[in-house]
Structure formats: structure tokens, C-alpha cells
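Student:
Protein chains: 2
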Amino acid sequence: MTYSAPVDDIVTALKTVADLDSRLANGLYPGLDGETIRAVLDEAGKFAGDVLAPLNWSGDRTGAKWSGGHVTTPAGFRDAYKQFTAGGWSALPCPEEFGGQGLPEIVSVSVCEIWNSANLAFGLCPLLTQGAIHAIETGGSDTLKATYLPKMVSGEWTGTMNLTEPHAGSDLSELKTRAERHADGSYRITGTKIFITCGEHDMADNIIHLVLARLPDAPGGTRGISLFLVPKFLLKDDGSVGARNDVICAGIEHKLGIMASPTCVMKFGENGGATGYLVGEENRGLQNMFVMMNSARLAVGMQGVAIAERATQRAIAFAKERTQGKALGNTVPGMSPIIAHADVRRTLLTMKAMTQASRMICLATAGALDVAALSADEDQARAARNLAALLTPVAKAFSTDIGCEVASLGIQVHGGMGFVEETGAAQYLRDARILPIYEGTNGIQAIDLVMRKLPLEGGAVMKAYLASVSDIASKVQASNRPDFGQMGAKLQKGLMALVAASKWMGGALQSDPEAALAGATPYLRLFGLVAGASYLAKGALAEDASPHAVTTARFFAENCLTAAEGLADTAMHGAAAIAANEGVFA
Amino acid sequence: MTYSAPVDDIVTALKTVADLDSRLANGLYPGLDGETIRAVLDEAGKFAGDVLAPLNWSGDRTGAKWSGGHVTTPAGFRDAYKQFTAGGWSALPCPEEFGGQGLPEIVSVSVCEIWNSANLAFGLCPLLTQGAIHAIETGGSDTLKATYLPKMVSGEWTGTMNLTEPHAGSDLSELKTRAERHADGSYRITGTKIFITCGEHDMADNIIHLVLARLPDAPGGTRGISLFLVPKFLLKDDGSVGARNDVICAGIEHKLGIMASPTCVMKFGENGGATGYLVGEENRGLQNMFVMMNSARLAVGMQGVAIAERATQRAIAFAKERTQGKALGNTVPGMSPIIAHADVRRTLLTMKAMTQASRMICLATAGALDVAALSADEDQARAARNLAALLTPVAKAFSTDIGCEVASLGIQVHGGMGFVEETGAAQYLRDARILPIYEGTNGIQAIDLVMRKLPLEGGAVMKAYLASVSDIASKVQASNRPDFGQMGAKLQKGLMALVAASKWMGGALQSDPEAALAGATPYLRLFGLVAGASYLAKGALAEDASPHAVTTARFFAENCLTAAEGLADTAMHGAAAIAANEGVFA
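Top line first, the protein sequences correspond to chains X and C. Be aware that the first sequence starts at 1, since it is given in the numbering used here, and climbs by one per residue. Be aware that the second sequence starts at 1001, since it is given in the numbering used here, and climbs by one per residue.
1. Go through the stretch 248–333 of chain X residue by residue and report every complete run of the alpha helix (DSSP H) that reaches 4 residues or more, in order.
2. Excluding sequence positions up to five away, which residues of its chain have a Cβ less than 7 Å from the Cβ of C/Gln1445?
3. Label X/Asp79 either buried or exposed according to how many other C-beta atoms from any shown protein chain fall within 10 Å of its C-beta, with 16 as the threshold for buried.
4. Which residue spans inside the stretch 359–423 of chain X form an unbroken alpha helix (DSSP H) run of at least 4?
5. Considering C/Gly1139, what are the terminal residues of the alpha helix (DSSP H) in which it resides?
6. How do the stretch 331–343 of chain X and the stretch 530–541 of chain X stand: do at least 3 beta-carbon pairs fall below 8 Å, yes or no?
7. Measuring straight from C-alpha to C-alpha, what distance separates X/Thr62 and C/Thr1138?
8. So, is X/Gln313 buried or exposed, given that buried needs 16 or more other C-beta atoms within 10 angstroms?
9. Mind checking if C/Ala1080 is an interface residue toward chain X, Cβ cutoff 8 Å exclusive?
10. Could you tell me which chain X residues have their CB closer than 7 Å to the CB of C/Met1335, listed as they occur along the chain?
11. Do C/Ile1307 and C/Ala1432 have their C-beta atoms closer together than 8 Å?
12. Rounded to whole angstroms, what's the CA-CA distance from C/Ser1141 to C/Pro1166? Just pull it up for me.
13. To which residues of the same chain is C/Ile1447 closer than 7 Å at the C-beta, ignoring the five residues directly before and after it?
14. Evaluate the contact criterion for the stretch 1236–1245 of chain C versus the stretch 1034–1054 of chain C: three or more CB pairs, one atom per stretch, below 8 Å.
15. By the DSSP assignment, the alpha helix (DSSP H) with C/Pro1513 in it spans what residues?
16. Is the shortest distance between the beta-carbon of C/Thr1062 and the beta-carbons of chain X less than 8 Å?
17. Please tell me whether X/Asn162 has its Cβ less than 8 Å away from any Cβ of chain C.
18. Locate the beta strand (DSSP E) running through C/Thr1190, then write down its first and last residues.
19. X/Gly590 versus chain C: which residues are under 7 Å apart at the beta carbon?
20. Within 10 angstroms of its Cβ, does X/Leu594 collect 16 or more other Cβ (buried), or is it exposed?
21. Determine the contact status of C/Asp1426 and X/Leu256, defining contact as a CB-CB distance below 8 Å.
22. Give the single residue among X/Ala508, X/Leu24 and X/Ser117 whose Cα lies nearest to the Cα of X/Val305.
23. Could you tell me the boundaries of the beta strand (DSSP E) in which C/His1209 lies?
24. In terms of residues, what are the limits of the alpha helix (DSSP H) holding X/Ser154?
25. Along chain C, which residues have their Cβ under 9 Å away from the Cβ of X/Cys198?
26. Taking contact to mean 3 or more Cβ pairs, one atom from each stretch, closer than 8 Å, check whether the stretch 1168–1176 of chain C and the stretch 1256–1271 of chain C are in contact.
27. So, with DSSP's three-state summary, where would you put X/Leu234?
28. Per DSSP, C/Arg1244 is paired with what?
29. Out of C/Ala1013, C/Val1476, C/Gly1088 and C/Pro1513, which has the shortest C-alpha to C-alpha gap to C/Arg1452?
30. So with CB distances below 7 Å, who are the chain X contacts of C/Asp1569?
31. In the structure shown, what three-state DSSP assignment does X/Ser4 receive?
32. For a contact meaning CB atoms closer than 8 Å, what does X/Thr552 contact in chain C?
33. Tell me the residue span of the alpha helix (DSSP H) that contains C/Asn1056.
34. Rounding to the nearest angstrom, what Cα-Cα distance links C/Gly1269 and C/Gly1276 in this structure?
35. What residue range is occupied by the uninterrupted alpha helix (DSSP H) comprising X/His597?
36. Is the Cβ-Cβ distance between X/Ala577 and C/Asn1559 less than 8 Å?
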């Protein structure tokens, strides 16, 4: 089945949650207009549908292959990547100073959805290169930037993030990779990193590894970690690719999904030390890595949206074609298409509504990042930066959970065919299942939301956010529209649940932080449901809202947001049984 | 990792939901006592742990292989099956008349969990043979029974269910396989069946296919379907295996999971017609097939429990070993085991509690089936038959959904390692994902619950069930035990939600059946949560309840059952948006 980029849904989301029209009118995005954005999305959709989507299934079946340190990507990937960079897609969100097109987050993140929807395994490599560019741009010296960024922006070279070690996954404080100072100002890096996406492949002329390592005299814990740029090939004086650096790919993982994307074990310094260059200051590498991780977290959230969108498209197409049983009220002889059965429609609407809700949360985050970066008004920029910080863990965790859930529902719609790999629906679940894990597990996102984001500016950030939801809920209720059904009442109820749970969290952080931690996951889910419902409702309130935008918003409020009070209850009162678990795990 | 059969949890469940002690004392199970049951479970656990579990991962990696009509099972499966039958495990639940041990459902279904927990792909073949035996026993002539049952009971021959055709999955009314009467009283069967589990394999000397087909003069729809016994090998006069019948395996599916279990395309009658023997009456085959399907539905529910149990065991073991981060209040240097983190404990407790709740629902169903079959008191037997009918769709759908959810949580607990196939956690999700689909999709179970089970005896069956839950809830509230936390209040709340939704369903079935159908899936989930919570609470009330049974029941009430009101709301008020979906799927 072909992939068709949901450009209308994306544009609707941008107008609704990123105030696209007014921000364009106010000059936040100089040189950009609505038509251009739509044209970029249309073109991206065309490239994704024509070039990337046809490689998704074959890439899964073949998988990336490792042999003697080399990794071969599946047939077609090399050529598709060449077309991708030739089309300027790699440079799209990058700084113009280094050859990029400087398009803002809202466009970059929307296009990211499109690549990953068509082919998640392909989409990962540019996604990580993007993060690496961002980290070098933020922390690198002018020389590093001038030397590496142009080739990374053009896509000739790709980038990686080297954080994880066998014993240090979520907890970077324990990482052991060593860096020693060298006379020429460079460093020699030694150690093993695992789970390195695209650590080795055959699509680019060089691979620029960003590596966390520890200097001999570094303090323990996370305050002793430095960030290094370690190229696969060292550069000659003219900047061209020279000798091989002391880094090899020792193997790739055999995984549940994203088969075409090599997940590498990287060995640095097996022959004396890989040459690396410091990015930022010694022992302050984590700050720079966080830059990369935050941008990657939003992008991973968008991968969740991407998979959900693809799974939904396939399920709807199947449900229209497959006939089985007779729907109530159908008097025509023969079986009905299964989309005519109410239970199947419930499933498809859940998929559709959850996907658009997640998309809106991610694009709201992207819009806030743009305002934070581009607004001349300092107060506005700070508020937006805080909003983006608040929403990022929700965008990552909620959207990736939804990605898995929607992919699983997509299998279910296909019945027995869904379990057969040739159908393609199963691949989406296999691919999606990494998303709640990488870039910080969703549990860690929930803890980040509760422990670090709710307390931002003494709670004022969350308060402002709740006020924005309340504003939408009031407008929905005031509208009194019959086609909104119980949307207003459900939104108010959901909002009250989030208010109560947030207030409780604020207290628990002081009095009983263990209880706050125990409730973090249901709290984040609650946050995501309320955020998604309010954004969908805001879209339904728009003058030019389509009837299906109204139905989707109403469905979400009446069928998904209904979980809100139970989640608040769980978040606030579930901890006692978690504390009292002695013996259960004996 | 090894599998350890949860014999204590199973016995606790049997005592709680199947009134094991009193039914033993009252003579419902002549010749059986508590020690014998425990001894059987212990032995089954030993066999499963020693023989079946070690083949689970290797079986997944190798998979069943098809070549020229033959299917080879993975290394070790043939021998394990021989040991399985030699140990008498195949005969365990079968009628003594044909060489079986005649053990009741409660033991059969408990042992079924153990096989499937150790190795789901292995467990399927005996599970289906069991169903086939049951159908032949119910509908077959004395000659058919005498000829086929002893070898099937001993396990020398296995059985299959041949329902599905490419265009006829859930909707059997459209099936096209033909049967023609033959002069000698047998029939000639022609047609193609798909998704036939163990339709061909190398573990047994003969395979007895039960095949739905249509006679030339049969009425259309489901009233024109007959059931036939079609052996792979015809029998000589002495009952031994003779010439090959006209049935072949044309291929096997490449699936997401249960790789070691061949899912076959079966072609009947490519050379003139496969010889088949009528089971039951002409055109009344579906009644007999339903006997098989109902018993298979409960067994599939138990497969959900089985996968959930296995995933939980692995996740707990990993969480105790893996260290990462520092748990709150931990002053010891170094990282904490991740089980010390509240968010991980929430996940593990969810897995544990959901597993035991599902197990209890399945074993309550099994217990009711025993009373229905064995009780001399006709009223009691009828009430039990109705209870089993009511609970069967919940046992199947709720437990298999939980199987998938718990397997997915198990991956999450493992972090990045969970996505690596070698870890083993991913296989559980892949294997589990078929469970909500086969033996009637979970959507069909929900519709069955609402359309056929709620109206049983004019609603009196459901009313009696609700009264039994109310009784438990009252006892919990009356107990006033501090270690029960809010269990009583939550149970009452959950019960009220189920009462309200059930009442609403009763009305909607009359006034707006489309709305009832639209709410069926959330209604079934609500039913499962309330049922599970009440059974766990009943267990916690027992005098000899362990502290961890109390914690599990409390956790479930305060963290899982909290979804009840939202589900009732969705079931009752979600339909309007589902009806108003025009344009969403354009």
C-alpha cells in the first residue's frame, strides 16, 4: 500500500496549535508563508511516497547486514539517501550559515513525521544527524563548526550520538569511556558504546560520532563527562576524507524492528585511542548532549505520530475493502465492508483521533521552540521556552505510547491477516516498540515531567498551561453546539482532573517524593489526554473546521478523555500499594 | 531464563474463584483431592520447565519449515512431543472411556497455562487436539469415536480445526468448501482452508482434521454448514494408518510470532476429493464446531495468562539484577537495582496484578464449566452453565488483551535490551499478538457478551453475577482493614459503573442496538476489570491470604480498577461520535 502524507491534517494542526497564521503575519518567520510551507510538505510527501515508502517493507525483510566491521544497508537505501540529500532535505532545518535552508522547527518536525511515516528505519539517520549538527552548532568551536557542519548539513556525512554503554543506559553517571588529552589539543578516546544508531553504514562518506567520555582527572558522576567529536575518517588538511580513525563497528543488534537501521556496537581506541575533538568545555559534555537529546526527544515523539499515521492509513484502507458479516441495518445481499461495523469504526476512530492528538502535542512543542528561538520579545521567548520544556516529555512519551497502541490496533483491524508479516501491519508494531524506550524511556520522561518540569518557575509554567486549556474548555462550553456533543463537559472534567493531580503532585514533591514518582506515569498519560483533547477541541472551534475535525475532537473527548479522572485517581492514590509491595516479587 | 510454574498462584486462584475446597469436600470431583491437584501442577511445572521452556527461544529462531507439502518442526519439538504424550499429558483432560484421565476443567485449564507459558507454540497443538476430541466426543458416531478418539487421547494423532477460508474469516456463513455424498456413506471434501494451526507437522503419526463444508443441497448461510472428520491418512480395516488422503499442506504463513507452530494453508480434494466422515448431522456442523470453539476460547484466554505470567517472571528477574540510577532514599554507593524505582515497581505490579486477575477470570470460568458438567443439582448446573457462558468472552478477550499489554510492559522494563531479540522479552509480545485475533477476535467476543450473554435468561444471569460481585465488595468494605486501603470503595465504585453500563446496554439492545455494539469493547474491558478486582479481593479476604495477595488486590483496585467509571462513560456515551463519522475516513 502506498503512503499518502496527511498534509491537510498537519497544516490544520499547525494552524491550531502553533498559531501559524498569526505568527506568519507577525513576522516570526521572515521569508516564509503558508503556501511555501504547504509546498514543502507536499514535496516531502511526494518524495516519501515515491522513494522511501516502497523501501520500507523490503528494508525490513532484508535488514542491515554486518560483516567484518562494515554495514550494508538494504537494497535501495543508498540510492534513496543520495536522492534525499540531492533534494536538499538534509539541509532543510539547518543553519543557513553552513549551507542549510534555515526552515523553522514547525516545518522540520512536520517533515520528520513524513519521512518516518514512510520509512522509520530510513528516517532515523537524518534525525540523528540533525541532533548532532545541533550539538556541534551549540557547543563546538568555530573551527569544528566550519570543518564539519557544511558536510553534515549537506548530508554527505552523517552523525551519531554515543551515550549508552552496557552498564550505563539511562544512568550516564556511570559511563566509563575514557578520553586522554593529546599534545596537539585533540584527545584519544577509548571505550565501548552500544545501541549506536547508524554508527556504521554505507550511505555516507564519513560518519561523525559525538561521544560522551571521561577525562582522567574528571570528577565522578555526571559532572565529569565531556563531549567529543570523533570522525570515522580523519580529515586531511584540505578538509577531505583521509585516514581511518581508531573506531570500528564490532557488530549490530538483532532487533524486534527497525531492521534496516543498524544498531551498532562501537569500539573506540582498540589501537591506541580514537582521535576526538572536544565539543564545548571539559566536564560539561552533558549540557551539550542534552541539547541534542531534547531535540531528539521531540523528533522521537513525532516518530510515534508517524507510525500511528501509517498504521491508521493502512487499517482504514483494509477496513474499506475487506468484507465480513453484515452490519446492522444493511439490507443489501452479501457481506458488509468491515468499516460498516460499529466496533471496527470505534477502533479506526481511536487510531485517527489518537494520532491527530499526538501530532498536535508535538507540533505545539515545535511551535513553542520556534517562538523561543525567534521571538524578539524576551518575555514571550522565555514563556515559550518554558512551554516547550513542559511539553517535551509529554510529546515524547505520550506520542510514542500512542504509536505502539495504534500500531497494535492496526493489526487487530486486519484480523488474522494482521499477524501475517506480508500484510505489513505487524512491521509497524515491531518498529514502533523501540520508541517508548530510546531517547529516555517513557518512565524517565514521566519523572522528568513531574520532578523537573512541573516545578519550573515555581509552578507558574504549569499554571499558565492549565489556564490555556481552561480557556479552550470555556469556549467549547460557551459554543453550545449540538455537534460538539459532550465535548465541553468532558474537557472541563478532564481539566479538573489534571488540575487536581498537578496540585497533588506539587504537594507530594515536597512531602513524599516517592509517591510523586510512583504516580508519574499515569500523570503523564493524563496530561497527554487533556492536552490532546484541548488541541483537538481548539481545532474544532476554528471557523473553517472541517466536519471530520469536529467528529474527531468529539470522539476523542467522549471516548479517550473519559480515562482522565481514573488516571488522576491512580496518580494521586496508587502509591501506597506500590510502597507496600514487600513479598510480591519474592 | 528458566520458567517456574506459579503453582501457588494457581492454587490460590482455584480456591478463591472455583471454590476448590468446598467442591472437593462436596464430592463434585470424585477421586480427586487437593494434594493430587497440586502434585499434577507441580509435575506439569517440572516438565514445562525442563523440556518445553528450553525450546521456546530456539523454536522461535528456527521456526517451522515447509517443503513440498511437508512441515518440519524446530529441533527438539518432535522429541518433546513424544515425552509429552508418554507422560500422559495429552490424555489428562480426556474421557476415561477412550483412555483419558478424566481430570476436570480446572486442572486441564491450569495445566494449559503451564504448557503455554513455557512454550506457546508447542502448547497450541495439544490445545487444538483437545478441542477436536471434544467435538468428536460431542457429535461423532460411536464408530467415529471408537476409531479416532483413543489415538487422539493418547496423543499419537493430533487434531485441527478447519474453519477459515480466504474470504470467510469471522463470517462462516460465506464458506465455500464443498462436501459431496459418497455411496459408502462417507463424503468427498473439496476446498481451501487457511490459518490452520498444526494442519501439517512431523510430531504425530496422523492428523485428524475437523472441516466445515457445505453439501450441494445445503441451504445458504450458517444453517447449511456441516462438520467432517478428514484424516491425513486413511485407516486400514485394523484401524492402523493406511493410504494418504487427498489433503495437502500447500504452504505455511510467515508470521509475527508463534514461529514454531505451523499455520497452514490446507488444500482438500485436489485429486478428486478428500474422504471425510460426517460429525453430527448434516447442515448442523456449526453447533458442533461451537463446542470446540467455546472450549478453545477459554484455552486461548489462558494463553493470554500464560504469556503474561512468563513476561512478568522475566521482567521481575531482570529488574532485580539490572542496576541503574539511584532510588530515592538509597544511601548505599553505586546504582540501585531498577526494581527499587517506584515507576518500575508500578510497572511490575501492574503486570503481576493483571496476570493474576486474568487467571482468576479464566479459572472461574473453568470452575463453572465443571459444575455445569458434574453437578447432580440441575438448578446449580444450569446456573453454572450460564455463568460459564457469560464469562467465556471476558476470559478470552480480557485475558488476551492483558497478555499483549503485559508482554509489552515486559519489553519496557528491559529498556533497550528489551528490543534486542536475544533477550527474549520481545518474543512474548510477538507470540501474544495473535491471541486477541484467533478463536474469534476480541471485538467479536465483546459483541457476543453484549448481544448474546447479557440477555441470557432475560438478564437474570448477569443480575446474579452482579450480586456475587456486590457480596464481595460489601465484605471488603465491612472488613475495614487498613491494609486494604481504598479497596472497598474502589470496588463499590467499579461495581456501580458496571451496573450502570449493564443497565444501559439492556436498554440499548432494545432501542438502539448500533449504540450497544459501538460500546461493546469498552464494556467488556470494564467487565474484566470489575471481575478481576472482585476475585482478587475475594482472595485477599481469605483467612490464609498471603500479604502479597493483599497487596496485589489492593494495587489492582487502586491502580487498575480506577479506569472503570471512564470505561462505563465511554460505553454508554461514546456511540454518537462513532455514528457521526462521515468524512473522517474519506
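Glycine is no exception: its CB is placed at the ideal position from the N, C-alpha and C atoms.
Tutor: Quick look at the numbers:
1. 285–321
2. Pro1393, Lys1396, Ala1397 and Leu1524
3. exposed
4. 378–413 and 416–419
5. Leu1120 to Gly1139
6. no
7. 48 Å
8. buried
9. no
10. Asp171 and Glu174
11. yes
12. 31 Å
13. Leu1517 and Ala1520
14. no
15. Pro1513 to Ala1518
16. no
17. no
18. Tyr1187 to Thr1197
19. The requested residue 590 of chain X does not occur in the structure, where chain X is confined to residues 1 to 586.
20. A question about residue 594 of chain X goes unanswered here, because the residues of chain X that appear run from 1 up to 586.
21. Before going on, a small fix: residue 1426 of chain C reads as Ala here, not Asp. Against a cut-off of 8 Å, the Cβ pair of X/Leu256 and C/Ala1426 comes out as a contact.
22. X/Ser117
23. Asn1206 to Ala1213
24. Asp142 to Ser154
25. Residues of chain C passing the Cβ test: none, with the nearest at roughly 15 Å.
26. no
27. strand
28. C/Phe1233
29. C/Pro1513
30. Thr562
31. coil
32. Val1584
33. Pro1054 to Thr1062
34. 10 Å
35. The question about residue 597 of chain X has no answer here: the residues shown for chain X are numbered 1 through 586.
36. yes
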